[in-house]
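Student:
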Amino acid sequence: MRIDLHAHSTASDGTDSPAELIAAAVAAGLDVVALTDHDTVAGHAEAAEAVRGTGLTLVPGAELSCQVEGISMHLLAYLFDPAEPAFAEERELVRTDRFRRGRAIVERCRELGAPISWEQVQRIAGDGSVGRPHIASALVEAGIVPTVSDAFTADWLANGGRADVRKHETDPVTAVRLVRAAGGVPVFAHPGAVKRGRTVSDQVIADLAAAGLAALEVDHLDHDEETRAHLRGLAAELGLLTTGSSDYHGTRKTVRLGEYTTDPAVYEALVAQATGAKPISG
Ligand code: AMP
Ligand code: FE
Ligand code: FE
Ligand code: ZN
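Sequential numbering of the sequence shown, starting at 622, is according to this note's numbering.
#1: Alpha carbons only, please: which of 807, 799, 686, 833 is nearest the one belonging to residue 660?
#2: Alpha carbon to alpha carbon, how far is residue 704 from residue 896? Give it in angstroms, no decimals.
#3: Whose CA, out of 768, 757, 658, 638, lies closest to the CA of residue 875?
#4: Which class does residue 809 belong to by DSSP, given the choice of helix, strand or coil?
#5: Are the stretch 853-862 and the stretch 826-844 touching, with three or more C-beta to C-beta distances below 8 Å?
#6: Excluding the 5 residues preceding and the 5 following residue 729 in the sequence, name in chain order all residues of the same chain whose CB lies nearer than 6 Å to its CB.
#7: Do residue 634 and residue 754 have their C-beta atoms within less than 8 Å of each other?
#8: Who are residue 838's beta bridge partners in DSSP?
#9: Could you tell me which whole alpha helix (DSSP H) segments of length 4 or greater appear in the stretch 766-832?
#10: Measuring alpha carbon to alpha carbon, tell me which of 648, 680, 798, 711 ends up nearest residue 957.
#11: Quick one: complete beta strand (DSSP E) runs, 3+ long, within the stretch 707-753?
#12: Tell me which residues share the same chain as residue 726 and place their Cβ nearer than 6 Å to its Cβ, disregarding the 5 neighbours each side in the sequence.
#13: Hey, would you say residue 811 sits closer than 8 Å to residue 844, going by beta carbons?
#14: With H, G and I counted as helix, E and B as strand and the rest as coil, what does DSSP make of residue 869?
#15: How big is the Cα-Cα spacing for residue 882 and residue 732?
#16: Under a Cβ-count criterion, where at least 16 other Cβ atoms within 10 Å of its own Cβ denotes burial, should residue 664 be classed as buried or exposed?
#17: How about residue 631 and residue 872: are their beta carbons less than 8 Å apart?
#18: Between which two residues does the alpha helix (DSSP H) carrying residue 889 extend?
#19: Am I right that residue 796 and residue 696 are in contact with their C-beta atoms under 8 Å? What's the rounded C-beta distance?
#20: Would you say the beta carbon of residue 775 comes nearer than 7 Å to a heavy atom of ligand 3?
#21: With a CB to CB cut of under 6 Å and the five nearest residues on each side skipped, what residues in its chain are close to residue 677?
#22: Under a three-way DSSP split, which group does residue 682 fall into?
#23: Output needed for residue 736: all residues of its chain with C-beta closer than 6 Å, excluding positions within five of it in sequence on either side, in chain order.
#24: Just checking residue 634 against ligand 1 - is the residue's beta carbon closer than 7 Å to any of the ligand's heavy atoms?
#25: If you drop the 5 nearest sequence neighbours on each side, which residues of the same chain put their C-beta closer than 6 Å to that of residue 619?
#26: I need the DSSP call for residue 848, collapsed to helix, strand or coil.
#27: Please name the residue or residues paired with residue 882 in a DSSP beta bridge.
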């Protein structure tokens, strides 16, 4: 069984449509893929439709933008009830603020001499939950940087960079509770991704475990061996499961779908905790 529990589509900052993502997951030889767009479930219906007859299992999910002690972090949520109002409202709040903040970042980029426009960013984002990777693509189009990841530097869009503007992000203890109350299973995405900026302390992770966190995403491109070993030890101490996943973004990142995977026993344990939705078998 090959299980990849973290992938993005055009519903947020991935470049494959939900149907294309499902086709890519089949082509990659996966048995299970989770669709985890930033702050939205907009891709679920198309992905569920596309999975029919493929033999692939879809885990509907999302990746919620959180912030604690001034540090941005991401919380994966699997198999929650998308209609549960409190969590749905929080996702909506984050998505709405992404528009205000997207405009503000474009304005900053223009002040810094990059000839991009909000209309261009909207064209790139389509109806997806708009984020910095879309603005990064606009900077690539304008010839300011060679690749999307080159836009994530202090000069432009990195956390605290010249053109970075913060968005509303949920307190993660609140987020863990919201996900559980919606019947979902919360997993801390790439907790040690230092290249993205400061990461949270072990104490914060312990607080999240106490609030109901299920697992840490350990096997991830942005974690070196030492970080993985530390996170595995911490998970064991706190009674958390550990997952692995690609965090696939199509052509906006170099990682391949299925490059990192989750142990089948861990997957079964996560599914067993969910009461909000079931995996969709094609
Ligand atoms: P936002 O959600 O708008 O704050 O943008 C965060 C997203 O930017 C993350 O989910 C990643 O997809 C992307 N990102 C963050 N850091 C990098 C990086 N160093 N290189 C490429 N993409 C990045
Ligand atoms: Fe992303
Ligand atoms: Fe993330
Ligand atoms: Zn992600």
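We put the beta carbon where it would ideally sit given N, CA and C, even for glycine.
Tutor: Taking the structure as given:
#1: In the sequence shown, residue 660 corresponds to position 39, counting from 1. Comparing Cα-Cα distances from residue 660 to each of 807, 799, 686, 833, the minimum goes to 686.
#2: To locate residue 896, count along the sequence shown from 1; it is residue 275. To locate residue 704, count along the sequence shown from 1; it is residue 83. For residue 896 and residue 704, the distance between alpha carbons rounds to 13 Å.
#3: What you label residue 875 is simply residue 254 of the sequence shown in a count that begins at 1. Measuring C-alpha to C-alpha distances from residue 875 to each of 768, 757, 658, 638 identifies 768 as the nearest.
#4: Within the sequence shown, numbered from 1, the residue matching residue 809 stands at position 188. Reduced to three states, the DSSP call for residue 809 is strand.
#5: yes
#6: As a first step, residue 729 is located in the sequence shown; it is residue number 108 there, counting from the start. Same-chain partners within the cutoff: 784.
#7: Here residue 634 is taken as the residue at index 13 of the sequence shown, counted from 1. Here residue 754 is taken as the residue at index 133 of the sequence shown, counted from 1. Cβ atoms of residue 634 and residue 754: closer than 8 Å.
#8: Position 217 of the sequence shown, counting from 1, holds the residue named residue 838. Partner residues in the beta bridge of residue 838, as assigned by DSSP, are 864.
#9: Every alpha helix (DSSP H) of 4 residues or more that sits fully in the stretch 766-832 is shown, in chain order, as 793-802, 823-832.
#10: Because residue 957 is not part of the residues shown, which for the chain are 622 to 903, the question remains open.
#11: The DSSP assignment places no complete run of the beta strand (DSSP E) inside the stretch 707-753 (cut-off: 3 residues).
#12: Numbered from 1 along the sequence shown, position 105 holds the residue referred to as residue 726. If we look at residue 726 and ignore the five residues flanking it on each side, its Cβ neighbours are 756, 784, 786.
#13: As a first step, residue 811 is located in the sequence shown; it is residue number 190 there, counting from the start. As a first step, residue 844 is located in the sequence shown; it is residue number 223 there, counting from the start. Yes.
#14: Here residue 869 is taken as the residue at index 248 of the sequence shown, counted from 1. Three-state DSSP puts residue 869 in a strand.
#15: Taking the sequence shown and counting its residues from 1, the one referred to as residue 882 is at position 261. Taking the sequence shown and counting its residues from 1, the one referred to as residue 732 is at position 111. Looking at the two C-alpha atoms, the distance is approximately 42 Å.
#16: Counted from its first residue, the sequence shown places residue 664 at position 43. With 16 or more other Cβ atoms within 10 Å, it is buried.
#17: For the purposes of this step, residue 631 is taken as residue 10 along the sequence shown, with counting starting at 1. For the purposes of this step, residue 872 is taken as residue 251 along the sequence shown, with counting starting at 1. Their beta carbons are not under 8 Å apart, which means residue 631 does not touch residue 872 by this criterion.
#18: Taking the sequence shown and counting its residues from 1, the one referred to as residue 889 is at position 268. Residue 889 -> alpha helix (DSSP H) spans 885-894.
#19: Residue numbering aside, residue 796 sits at position 175 when the sequence shown is read from its first letter. Residue numbering aside, residue 696 sits at position 75 when the sequence shown is read from its first letter. Going by Cβ atoms, the distance from residue 796 to residue 696 rounds to 5 Å, so yes, they are a contact pair.
#20: Start at 1 with the first residue of the sequence shown, and residue 775 comes out as number 154. No, ligand 3 has no heavy atom inside 7 Å of this Cβ.
#21: Within the sequence shown, residue 677 is the residue found at index 56, counting from 1. Taken in chain order, the residues that qualify are 646, 647, 903.
#22: Counted from its first residue, the sequence shown places residue 682 at position 61. Correct three-state label for residue 682: strand.
#23: Within the sequence shown, residue 736 is the residue found at index 115, counting from 1. Around residue 736: 763.
#24: The residue you call residue 634 lines up with position 13 of the sequence shown. Yes - ligand 1 has a heavy atom lying nearer than 7 Å to the Cβ of residue 634.
#25: Absent from the structure is residue 619, since the part of the chain shown begins at 622 and ends at 903.
#26: Your numbering for residue 848 matches position 227 in the sequence shown. Note: residue 848 maps to helix in three-state DSSP.
#27: Start at 1 with the first residue of the sequence shown, and residue 882 comes out as number 261. BP columns for residue 882 are empty, so no partner.
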